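Notes for the one structure printed next.
Residue numbers (the working numbering), protein chains in the order written: chain A, 1 to 1483; chain B, 1484 to 1734.
Below, the structure written as C-alpha cells:
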C-alpha cells in the first residue's frame, strides 16, 4: 500500500456494474474516471428489452442511472477509451488510458442527428444486433449517455490509398450513390480539376485495390466519377481560392501535370501562365487520346474551369530559342514548372524503319486528334500492346483502313492495354496477333510493303514480373502491309531542355528532380508529369502537378519545401471487415454505342451510367473506412461539432484503486452452424437478437415477426445452453447463469406480444431459476402463461423446405424421439469473456479462471489477484444484473475503504444554480410531452396533446420530444426555461417514480426550485394500459396534462430540510454478512455497533462451517474475521442482545437494545439488517423418526466424528428441494445443489466405492459451479431426477437401512434404491423475528418472508426507507461469497450517508396555520411518527407544531383536522383540488 | 350496462403501493378501461372525504381511492384512517341519496398489477351501472355533504375513532367499538340532516313543513334538528306566518 494515497478510482467498463460502482464512489467522496470502450455507457443492459423477474423495461430503469452518471460532477466519463497500462501499487496507481477519436466534439454536439441524416454510409446497427442499419455518423441508442453522436472511422479506404492523387474515392462514390453529384464533384475536385476527363480515361488503379474484389468484382469507380461530371457541370462548382498573390508562375506544357499545377496554384492564390507548344491545350489528353474515348468538349470545358480561375494558356508557344527558362524569369515569373510530357515515340530498332509508310503511333494519334484525319493505308500493322497501340488501331479502323493488325510479342494476359479497350478494338474489326515480333520491315521503292515477323514464346519472368518473350528459332514469317505504326512506348522530347543549366536527365531521358518536392537542379524550376516519370497515367501527372503547386507556394514563401510531406505508409491498415454473407452483386455494365454505329466517326463509345445504375453501382461499395469523409456532416452540423481531424490521445491518470467491470460478450453460435444453422437460417436468432425484436424501440418496433418473411410466428422454441455447459463443442464448460431466466422471460413477453396464440417451448437440461423471485416467475410462465418446458437437449435442427419452418428432433425423458416443427428458434447463448478483456487482464497481470473470468476467492469476492484492483459484474463470473449491482457496490466499498484517508480530496463540489424567485409571478408553464420512442407515440397522438396543452391557462410553451429523458432533451428543457422564462415545468411521460428526480434536477440546474416540477403519467398509466384504444388514450393524456397544468399553477418552491448525520452504524446480526459489513464500515473509520442475538458471533457459519465450493477454508476465515471484529477499535459487539425498538430516521436513529439484561440506547445514522436465515426443520422423509435420515451438514459431521460408521457405509442418498420449490415455499434455496454435490465429491473422493445418489429436481450448480457437477458425474455420483408430484418415498429397511422408491422416468416404473443414510437439503427459511424488526424499521417483507429491497434489479441492498440496508441470507438464500459481497455493498451504500455531515430530507411535511388551529390535539393523536405535537403559545393556549425531521409527509393529520388548519407542502388541498377540478371538466 | 356511457372516474392513488401497482400494470401491459384519471397522493390517509364530494361536484361520476393493503402502509396506518373516513363518507352518500356506489376504497400493492386493473374494472362497472352522475340534480345533497363533512363533530369522531376503540384511554379503559359506532352513526345522521336544513334555510326562510318537504326528513326530526341548530346559533326564528313559525339562517 502506497503511503501517498490518491482519492480517485478508475472504473473500467461502463455497463450497469461500472455505473453503479462509479456512482457509489462518486457519492462517497472519490473522483471516478469511468473508462468505456464504446461511445456510450449502458453496456449489455441497455440493449435488453425487459428485465426479469419484474418485467421492468430495461431502458426505463437504466436511463436515470445513465443520466445521473453522465451529469455527476465527480464522474469523468472517458468513452471510446481503453486502459493500456497500469503501474504503481494499491493506493497510488498510474493508468495509461487511450481515448480514440470520436470525430464529434462531445461538448458541442446537441444530439440533433443531422449528421446521421446526411451521412451516406450505411452500416449494420450493432446495437440492434445487425438486424437494422445505421449510418457511420451515429448514436449508439436513443438514450445513450453521452448523448453526443460519434463517427465510426478507421484507416483510409484502399481505393484512396491506391489512387496516385489520393482522391477520396469512398467519399465521392457514396455521394454519387445518393445522387449528390455536385457534392461528389466537390470531393473529387479537391484534388482533381478534370473529373469528366479522368472519369473516362483513368486507368483506375483504385479498382484493382477495391476490396469488393474479394466478394465479386470491383466497384466501377471511374464510371461513377464520370457520372458525377455528366450530371453536374464541373464549371459550376465553386472552387474556394485563397486571396490572389502578386507572384506569377510559368508552366511549360498544358497536359494533366501542367493543368493540375495551375489549378492547385490558383487555389492557393498564385496565378500562372501555361506555355503550350501545340495549337491546343491538353497535352496527351488532347493529342494522345482519341475523341471516341474522350470527347473534345469535355476536355475543353474542364480546361475552361481552370482558365476561369485566372490561369492563362499561351498555345503555339514552345520552349526553345524564342522562349527560354531565363526569359521567363526575366519576364518576372518567380518560378517555372516544366511539364512537357513524353511525346516522342520509341523506334523499333529493326531494318527498314525509315521507309515511307512507317509512322510513330503518337505522331499518328497527334494528327488524328488535332485535325480529325490523317493518311491511312489499307493494310496496317501496329506494333505494341499498350493503349496507344489500341487507340491507333481503333482510329485506323474509323478512318477507313481495311485491315488493322496489332502485333504483340506476348499473350493477351500480359497486354498492358485495358481489357475493355482490347475488346472494343476487336469488336470494331481490329485483329491482334499474339506472340509475334517484327524482325524487318520489307520495303519496295522505299515504301513499306510487308513485315517479317518471328513467333515468340514466353520464357522466364523478367523484372516487370511478366514472362519474357523469347523468339522461336526458325519461325519467321512475312505478312503484307502498306503501313506500319510502332507504338511501343514514348519518352520525353528532351531537346528543348538539353541546354538549360541545372537540368539533369536520367538514363531514360527523364528530368531528374527531388522525389518529394519535384525541384530540379535549378533554383525555382520544378518538373513533373511524364517528363519526370516517363510515360505514366494521367492521374499520376495530376498528382505531380498538385505536389509541384505545394512546393512552388512553399518556395515562394521561402519555407521548407519537404517538411511533413513524406508519405506515411501504414503497414497494417484496419478496414471494415467484409460482412459475413455479403451478397454477390454484379458490376453494372457500361452502356456502349453499338459497334455498327462506330464506323467512320469518332462518337463517344462509352455512353455513361444512368442515375439508377450509378446508385446501384455505388451501393456495391463496402465502405472500407466506415466514414467516407465526404464532409456532409461538417456542413450539416450547425453546432460545428464535427472534427474529422481528431486524433487518438493517450494520458496518464493517477488513481488509488481500480475496478474492472469489463462485462462479457455472448457466445457466437455461427461457429457451430452445423448444429444451429444460425448463419444459414434467418429464423434462427440469438437471444439478444430476440430481445431487440421484442423491444418497442427495436428493428421491428416491437412487432414479433420472423426475419425471413416478416410473418408473425406461431411457434417458437428456445434452446438452452448454447455455448454453455458444453465442453465438447465450444469449450465453455460453465453455466452462464442468466440464460434460463431470460429465456423464460422472453417466452412470457413473446406470448404477451402475440396476444396469447403463440406456442412457446423451452428445451432445457436443468431449469436454473435460483434467484430471488425467479421460481415464482418460472411457475407463472408454466402455469399461467402456458410456456412449455421440455427437459431435453435437442438432437438436430433441420429446415423444412418451402415453408421455411424449422424442425427440431429431440429425445424425451422416456427415450422417445420426437420431431416438432417451429417457425422461429431462439438460441439462448451463453456469456463469454471477450478477447479484449482477456488481453486487458493479461496486460494488468490479473489472474483469470479456466473460463477466462477474473479469479476471486469466495471470501474476498470482489478482490482480484492484484492488490488494489477489484472486480465486479460478469467479468467476475457469469451473473445477472442484481448480483452485478451488488458486486459493484461491494467493489466500490472495497476500493473506497483503501482510500478513505484521501476521501473528499479530489472531488468537486457541485455548482448550485441560484434559484429564480417565482413568488408573486403569474405561472408561465412549459409542457414537454414525450413520445418515449413509440411507447407513448404509437398510442397517444402526441402532437395533438402538445397542441392542446398550448392553449391551457398559464401554458406559454409546449413541445414534444422523442425521449424526454435523453441528455439533449434535458438541455432543451433548460433552454426553454431560460428562453421562455418558465416558472413551472410539466413533463408528460413515463412515471414520476423513475424519472421525477431527474427532471427536478434538470429544472434546478435551470434555476427553478425542483418542486415547481409536475409529472403527467401518460405512459405507464395510459399508453401502455390502453394500447388498443388510441383515441381514449389521447383523450386521457389531454385530461392528465390539463390536471397537471392546473395543479402546477399552484405549486410553490420548497426549501429542502438539512439534518445532521450521526456517523455511527448499527449492524443487526453477527453472522458472516453482519461481521463483513461491520468490518468494512469500521475500516472506513465509522464507529459500528454489531448486535447479535446469541452468545457468539458467526451465525450459520458456526454450524455449517465447511469449505466453500471453491475450497476456501470457512472455519479459518470465521475465526480470523471474528478476531478482527472483536478487536477492532471502531466496532462494539453486543452479544445476547435484543432490539427493543428503533426510532428515528436516516442519519438519526435511536435503537433501544436489551443487552446482557441491560437496557441500552444507541444513536446511529444507518442500520444494516443481516439477520440471516436457517435450514427448515422438516418431518419429511422420516426426518426425526429415523437416525439414518439427516439434513445439511449432519451427515458430514457424523462421518467425521464416527469414522467407523463411514467405513461401513456402502451407499448414501441426498434428496434435494426438501421444502423448497413447493407451494408453501415457492422459491429455490439456491445453495443446496452445490452443497450436496460438494459433499458427494468429498465423500466419493475418500471412498470411491460408496454408492452416492443425488435425487434432485433440477441440478442448480449455476455459474462456475457447473465444474463441480461435471466432476461429481465423472466420479460416478448417480443423479436421479424426480418430479415434485411424484416425490421419492423413504422407508425403513428393517434395521439395516433405508429404501428409497422413486419413479424412473425412462422405464416409467418405480425404482428402489437401498441406502444406509439419507441426507436432506431442506429449504432455507427466514427467522421468525423478522416481522417485528420489519415493523420497527418500516421495511417490507416478501411473501416468502425475506426482506424486500427497494428495487430487485437496481437497488438490491437498499430499502425504500432511507438509511436501512440488507445483506446476507435475510435478503434471500445465497452462497457465502454473495453474502460477503452484499455485506460489503451494504457497508458501502451506508458509508455514502455516514460520510456526510448533513443530508437533505424530503421536505414534503405538514404545515400548521396557527390562526386556524384551536389546539384540539387530534393531529397529535393520529400521527404515527410523533411529528406533530401541541405546544403552548403565549396567550393562545395550545397550538399544533410540525417536527419536520420526523414528518414522513403522509398527510393523515391534514386530512383529518377539524379546523382544516393543517396542510401538506406540495400536496396542498388547493393543489389537489385544482387537479380534481381540472379533471372533472371536459377537454 | 350502458356501453356507450364513458364514465369519468377519479382515482386517488397512494404513492407507494397503488401508484406503483398502476405503473406495474402499465409495465405488464395489462389493459383496463380508459376512464380513470389518476391523482397521486403520498398516502390514502391524505384523502379528506371532502375531496371526493368536490370531485362529484366537479363532474366526476365516481371516485376510487386506492392504497396499500392494511399492514403494508408506508406510514404504518394511514390507510386505516382512510378506511374510517371512507366508511363515514359511504354512510353520508347513502343518506344523501347519491349512494355509496359513487365512492370506493380499494387496495393494491406495488406488486399487484392485475389486482389493480381488476379494481379499476370492478369500480368502472359499478359506476357505469350507476349511470352518469349529474351534480346539478344533487346540488343540495352535495352541499349538505360538504357542510356535514366540515363539522368539527364528524371530523373529530372519525379522527378519534381508532384512538378510542383500539387503544386505552388514560384510565386504561377501552371504548366499546359497537357503542362508539352507534354514537358516530347517530352523529352522521344528525349532522347530515342539520346540513340539509341549513341548505334550505340558506335559500330563504322556511317553515318546518316546507323544510320537511324539501329535504324529505320527517317533521318531527326536522323540529328536533332545527332545535339543535338554534342552540348552536345556526338557525333563527324569523317570525311567524299565521301560526306557522318561519326559520332562517342567521344573518
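Positions of the beta carbon are idealized from the N, C-alpha and C atoms, including for glycine. Remember, it's a predicted structure, so these values are computed and weren't measured experimentally.
- Partners in chain B for residue 1467 (chain A), counting only beta-carbon separations shorter than 7 Å: What you label residue 1467 (chain A) is simply residue 1467 of the first chain in a count that begins at 1. Residues of chain B passing the Cβ test: 1524, 1525, 1529.
- Message: So if I threshold CB-CB distances at 7 Å, which residues from the stretch 1035-1062 of chain A count as touching chain B?
- Response: Close to chain B, meaning a Cβ-Cβ distance shorter than 7 Å, are the following residues of the stretch 1035-1062 of chain A: 1036, 1039, 1040, 1043.
- Are the CB atoms of residue 389 (chain A) and residue 361 (chain A) nearer to each other than 8 Å? Stepping through the first chain from its first residue, residue 389 (chain A) is reached at position 389. Stepping through the first chain from its first residue, residue 361 (chain A) is reached at position 361. In this structure, residue 361 (chain A) lies closer than 8 Å to residue 389 (chain A) by Cβ.
- Query: Is residue 91 (chain A) near residue 868 (chain A), with beta carbons less than 8 Å apart?
  - Reply: Numbered from its first residue, the first chain carries residue 91 (chain A) at position 91. Numbered from its first residue, the first chain carries residue 868 (chain A) at position 868. Contact: yes.
- Query: Of all the options A:68, A:12, A:568, A:46, which has the alpha carbon lying nearest to the alpha carbon of residue 96 (chain A)?
  - Reply: Walking along the first chain from the start, residue 96 (chain A) turns up at place 96. The option with the nearest alpha carbon to residue 96 (chain A) is A:12.
- Task: Indicate the three-state DSSP secondary structure (helix, strand or coil) for residue 337 (chain A) in the structure shown.
- Result: Mapped onto the first chain, residue 337 (chain A) falls at position 337. Strand, per DSSP.
- Message: If you measure between the beta carbons of residue 1069 (chain A) and residue 1172 (chain A), is that distance less than 8 Å?
- Response: Residue numbering aside, residue 1069 (chain A) sits at position 1069 when the first chain is read from its first letter. Residue numbering aside, residue 1172 (chain A) sits at position 1172 when the first chain is read from its first letter. Taking 8 Å as the Cβ cut-off, residue 1069 (chain A) and residue 1172 (chain A) qualify as a contacting pair.
- Task: Can you check the stretch 389-467 of chain A for any beta strand (DSSP E) of at least 3 residues that lies completely inside it and give the ranges in chain order?
- Result: Counting only runs of 3 or more, we get 403-407, 431-433, 436-444, 447-461.
- Quick one: which unbroken alpha helix (DSSP H) runs of 4-plus residues sit fully inside the stretch 1578-1623 of chain B? Chain order, please. 1596-1613, all fully within the stretch 1578-1623 of chain B.
- Look at the Cβ atom of residue 275 (chain A), then the Cβ atom of residue 330 (chain A), and state whether they are nearer than 8 Å. Translated into positions along the first chain, residue 275 (chain A) becomes position 275. Translated into positions along the first chain, residue 330 (chain A) becomes position 330. No, they are not a contact pair.
- Item | Nearest-angstrom Cα separation, counted from residue 684 (chain A) out to residue 1257 (chain A) | Taking the first chain and counting its residues from 1, one reaches residue 1257 (chain A) at position 1257. Taking the first chain and counting its residues from 1, one reaches residue 684 (chain A) at position 684. Near 30 Å, if we compare the C-alpha coordinates of residue 684 (chain A) and residue 1257 (chain A).
- Query: Smallest Cα separation from residue 458 (chain A): which of A:448, A:760, A:14, A:408?
  - Reply: On the first chain, residue 458 (chain A) is found 458 positions in, with the first residue counted as 1. Among A:448, A:760, A:14, A:408, the Cα nearest to that of residue 458 (chain A) is on A:408.
- Query: Interface residues of chain A around residue 1534 (chain B) at Cβ under 9 Å?
  - Reply: Residue mapping note: residue 1534 (chain B) aligns to position 51 of the second chain, counting from 1. 1455, 1469, 1472, 1473, 1476, listed in chain order.
- Item | Other residues of its chain near residue 1326 (chain A): CB distance less than 6 Å, five sequence neighbours each side excluded | Along the first chain, read from residue 1 onward, the residue named residue 1326 (chain A) stands at position 1326. So the list reads 1173, 1345, 1346, once near-sequence residues are dropped.
- Message: Taking the straight line between their C-alpha atoms, what separation do you get for residue 486 (chain A) and residue 279 (chain A)?
- Response: Indexing the first chain from 1 puts residue 486 (chain A) at position 486. Indexing the first chain from 1 puts residue 279 (chain A) at position 279. Going from the Cα of residue 486 (chain A) to the Cα of residue 279 (chain A) covers about 25 Å.
- Return the residues of the stretch 1510-1524 of chain B that lie within a Cβ-Cβ distance of less than 9 Å from chain A, sorted by chain order. 1510, 1511, 1512, 1513, 1514, 1515, 1516, 1517, 1518, 1519, 1520, 1521, 1522, 1523, 1524
- Range covered by the alpha helix (DSSP H) that runs through residue 777 (chain A): Within the first chain, numbered from 1, the residue matching residue 777 (chain A) stands at position 777. Element bounds for residue 777 (chain A): 774-783.
- Length of the line joining the Cα atoms of residue 1465 (chain A) and residue 50 (chain A): Stepping through the first chain from its first residue, residue 1465 (chain A) is reached at position 1465. Stepping through the first chain from its first residue, residue 50 (chain A) is reached at position 50. Residue 1465 (chain A) and residue 50 (chain A): Cα-Cα distance of roughly 36 Å.
- Message: Within 10 Å of its beta-carbon, does residue 242 (chain A) have 16 or more other beta-carbons around it, so buried, or fewer, so exposed?
- Response: For the purposes of this step, residue 242 (chain A) is taken as the residue at position 242 of the first chain. Exposed: under 16 other Cβ atoms inside 10 Å.
- Cβ-based burial, residue 1210 (chain A) [other Cβ within 10 Å; buried from 16]: One-based indexing of the first chain puts residue 1210 (chain A) at position 1210. Residue 1210 (chain A) is exposed by the Cβ-count criterion.
- Item | Candidates A:1270, A:150, A:1340, A:1449: closest to residue 733 (chain A) by CA position | Residue 733 (chain A) sits at position 733 when you count from the first residue of the first chain. Comparing Cα-Cα distances from residue 733 (chain A) to each of A:1270, A:150, A:1340, A:1449, the minimum goes to A:1270.
- Query: Do residue 631 (chain A) and the ligand NAP come close, with the Cβ less than 7 Å from some heavy atom?
  - Reply: Although the ligand NAP was asked about, the structure shown includes no ligands whatsoever.
- Message: So with CB distances below 7 Å, who are the chain A contacts of residue 1561 (chain B)?
- Response: For this step, residue 1561 (chain B) is matched to residue 78 along the second chain. Within chain A, the residues near residue 1561 (chain B) are 1450, 1452.
- Item | Whole alpha helix (DSSP H) elements within the stretch 684-745 of chain A, 4-residue minimum | Segments of the alpha helix (DSSP H) lying fully in the stretch 684-745 of chain A: 687-694.
- Report the rounded CA-to-CA distance for residue 1341 (chain A) versus residue 1348 (chain A), giving the unit in angstroms. For the purposes of this step, residue 1341 (chain A) is taken as the residue at position 1341 of the first chain. For the purposes of this step, residue 1348 (chain A) is taken as the residue at position 1348 of the first chain. Between residue 1341 (chain A) and residue 1348 (chain A), the C-alpha separation is close to 5 Å.
- Since residue 255 (chain A) contacts residue 541 (chain A) with CB under 8 Å, what's their CB separation in whole angstroms? Residue mapping note: residue 255 (chain A) aligns to position 255 of the first chain, counting from 1. Residue mapping note: residue 541 (chain A) aligns to position 541 of the first chain, counting from 1. Residue 255 (chain A) to residue 541 (chain A), Cβ: 6 Å. Contact.
- Query: residue 1431 (chain A) bridges to which residues according to DSSP?
  - Reply: Translated into the one-based positions of the first chain, residue 1431 (chain A) becomes position 1431. In the DSSP output, where bridge partners are listed per residue, residue 1431 (chain A) has A:1439.
- Best match in A:877, A:214, A:719, A:547 for proximity to residue 669 (chain A) [C-alpha to C-alpha]: Within the first chain, the letter at position 669 stands for residue 669 (chain A). Relative to the Cα of residue 669 (chain A), the nearest Cα in the group A:877, A:214, A:719, A:547 belongs to A:719.
- Task: Consult DSSP for residue 900 (chain A) and reduce its assignment to one of helix, strand or coil.
- Result: Residue numbering aside, residue 900 (chain A) sits at position 900 when the first chain is read from its first letter. Helix at residue 900 (chain A).
- Message: Applying the 10 Å Cβ sphere with the 16-neighbour rule, what's the burial state of residue 836 (chain A)?
- Response: Walking along the first chain from the start, residue 836 (chain A) turns up at place 836. So residue 836 (chain A) counts as exposed.
- Message: Which residues in chain A have a C-beta closer than 9 Å to the C-beta of residue 1646 (chain B)? List them in chain order.
- Response: On the second chain, position 163 is the one that residue 1646 (chain B) refers to. Within 9 Å Cβ-Cβ: 1418, 1421, 1422.
- Message: Check whether chain B comes within 8 Å of residue 1404 (chain A), counting only Cβ atoms and requiring the distance to be less than that.
- Response: As a working mapping, residue 1404 (chain A) is identified with position 1404 in the first chain. Yes, residue 1404 (chain A) lies at the interface with chain B (some Cβ there is under 8 Å from its Cβ).
- Query: Do residue 1027 (chain A) and residue 939 (chain A) have their CB atoms nearer than 8 Å?
  - Reply: Start at 1 with the first residue of the first chain, and residue 1027 (chain A) comes out as number 1027. Start at 1 with the first residue of the first chain, and residue 939 (chain A) comes out as number 939. Taking 8 Å as the Cβ cut-off, residue 1027 (chain A) and residue 939 (chain A) qualify as a contacting pair.
- With a cut-off of 8 Å, does the C-beta of residue 1632 (chain B) fall near any C-beta of chain A? Numbered from its first residue, the second chain carries residue 1632 (chain B) at position 149. Cβ-Cβ to chain A under 8 Å: no for residue 1632 (chain B).
- Message: Taking the alpha carbon of residue 591 (chain A) as the reference point, which residue from A:614, A:1418, A:1193, A:888 has its own alpha carbon closest?
- Response: Looking up residue 591 (chain A) in the first chain gives position 591. Among A:614, A:1418, A:1193, A:888, the Cα nearest to that of residue 591 (chain A) belongs to A:614.
- Chain-order list of residues whose beta-carbon lies under 6 Å from that of residue 966 (chain A) (same chain, five-residue window excluded): Sequence index remark: in the first chain, residue 966 (chain A) carries index 966 (1-based). 143, 147.
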